[in-house]
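So the sequences go chain by chain: P and Y. Take the first sequence: its position 60, counting from 1, is numbered 60 in this note's numbering, and each next residue is one higher. For this note's numbering, count along the second sequence from 1 and bump the result up by 112. What follows is a set of notes on a single structure, which appears directly below.
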Amino acid sequence: SQTIHQWPATLVQPVGSPLSLECTVEGTSNPNLYWYRQAAGRGLQLLFYSIGIDQISSEVPQNLSASRPQDRQFILSSKKLLLSDSGFYLCAWRQGRTYEQYFGPGTRLTVT
Amino acid sequence: QKEVEQNSGPLSVPEGAIASLNCTYSDRVSQSFFWYRQYSGKSPELIMSIYSNGDKEDGRFTAQLNKASQYVSLLIRDSQPSDSATYLCAVNPLSGGYQKVTFGTGTKLQVIP
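Below, the structure written as structure tokens:
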């Protein structure tokens with residue numbers, strides 16, 4: 001069965017510091033991978049999605065970037081965090097031509 | 113107009129009652145529809161997907177789709193306190209291919225013991 005991991009689970013970072021969040025999927029190959037952000041009381045905002053290694057689409061222009069160095073690894077980064085970057089960051093995966101997306105446990109980021 | 117709209121709630125129902133959650137969408141040619149359950153502080157969990165007009169039942173959950181009215185709903189029978197959560201409606205618009213879905217902001221359900 002497939003499993004998706006995210007770490008860290010929680011993170012408190014000062015404004016202007018860098019960020020690196022990691023997501024890995026087990027039990028599948030060539031998944032589509034997604035990064036979402038959910039701000040407090042808000043809906044899910046798609047940030048990036050990837051259909052393969054080094055193939056990444058950005059949905060929202062901002063100070064975040066994503067990379068996919070391996071088939072089942074997806075990384076979200078920032079060089080300098082803003083207060084508005086606080087939120088619940090969710091990684092999701094989808095297989096092949098199915099439409100269902102499955103979410104990891106998430107990382108709760110607080111920028112102070 | 114939002115692509116996917118849901119009443120934010122909270123929707124309060126007594127234990128054992130039927131909870132009815134509704135969602136409308138703007139893209140008339142949307143093909144796929146999903147319901148996720150999200151407990152407070154947790155990530156969303158897929159509970160139902162529906163692709164064709166009509167009803168789809170899975171245990172106590174029934175998803176209903178009416179493409180002509182651009183309306184999808186989720187019924188929860190015999191509601192339990194453990195069903196208390198936020199329910200997110202998600203739609204796969206044709207313009208997104210099969211890569212993307214658009215989420216509503218969710219309806220908070222409270223089941224009162």
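Even for Gly, the Cβ is constructed at its ideal location relative to N, Cα and C.
Which stretch, first to last residue, makes up the beta strand (DSSP E) that contains residue i?
i	result
Leu-21(P)	19-26
Leu-64(P)	64-70
Glu-169(Y)	166-170
Arg-149(Y)	144-150
Glu-157(Y)	157-162
Ser-78(P)	73-78
Ile-4(P)	3-7
In the DSSP assignment, what residue or residues form a beta bridge with residue i?
i	result
Val-12(P)	Thr-110(P)
Arg-94(P)	Asn-32(P)
Val-184(Y)	Cys-135(Y) and Leu-177(Y)
Asn-204(Y)	Ser-144(Y)
Leu-123(Y)	Leu-221(Y)
Ile-56(P)	Ser-50(P)
Tyr-89(P)	Arg-37(P) and Thr-107(P)
Where does residue i land, buried or exposed, given buried means 16+ other C-beta within 10 angstroms?
i	result
Tyr-34(P)	buried
Leu-83(P)	exposed
Asp-120(P)	In this structure chain P extends from 1 to 112, so residue 120(P) is not present and cannot be described.
Val-25(P)	buried
Gly-27(P)	exposed
query: Between the stretch 93-107 of chain P and the stretch 115-128 of chain Y, do three or more beta carbon pairs fall short of 8 Å?
result: No: fewer than three Cβ pairs fall under 8 Å.
field: the stretch 169-178 of chain Y in contact with the stretch 211-222 of chain Y per 3-pair CB rule at 8 Å
entry: As far as the Cβ criterion goes, the stretch 169-178 of chain Y does not touch the stretch 211-222 of chain Y, which means the pair count is below three.
query: Should the stretch 133-145 of chain Y be regarded as contacting the stretch 38-57 of chain P, the criterion being three or more beta carbon pairs within less than 8 Å?
result: Fewer than three pairs of CB atoms, one per stretch, sit closer than 8 Å, so the stretch 133-145 of chain Y makes no contact with the stretch 38-57 of chain P.
- prompt: Going along the chain, which residues of the stretch 139-173 of chain Y sit with their C-beta nearer than 7 Å to a C-beta in chain P?
  reply: Cβ contacts with chain P: Ser-144, Phe-146, Ser-155, Pro-156, Leu-158 and Ser-161.
- prompt: What residues from the stretch 26-38 of chain P come within 7 Å of chain Y, judged by C-beta to C-beta, listed N to C?
  reply: Residues of the stretch 26-38 of chain P with a C-beta atom less than 7 Å from some C-beta of chain Y are Asn-32, listed in chain order.
- request: Could you run through the stretch 91-106 of chain P and flag, in chain order, every residue whose CB is less than 7 Å away from some CB of chain Y?
  value: Correct list: Arg-97, Tyr-99, Glu-100, Gln-101, Tyr-102, Phe-103, Gly-104, Pro-105 and Gly-106.
- prompt: For the stretch 198-222 of chain Y, which residues have a beta carbon sitting closer than 9 Å to at least one beta carbon of chain P?
  reply: Listed by position, the residues of the stretch 198-222 of chain Y near chain P (Cβ gap below 9 Å) are Leu-200, Ala-202, Asn-204, Tyr-210, Gln-211, Lys-212, Val-213, Thr-214, Phe-215, Gly-216, Thr-217 and Gly-218.
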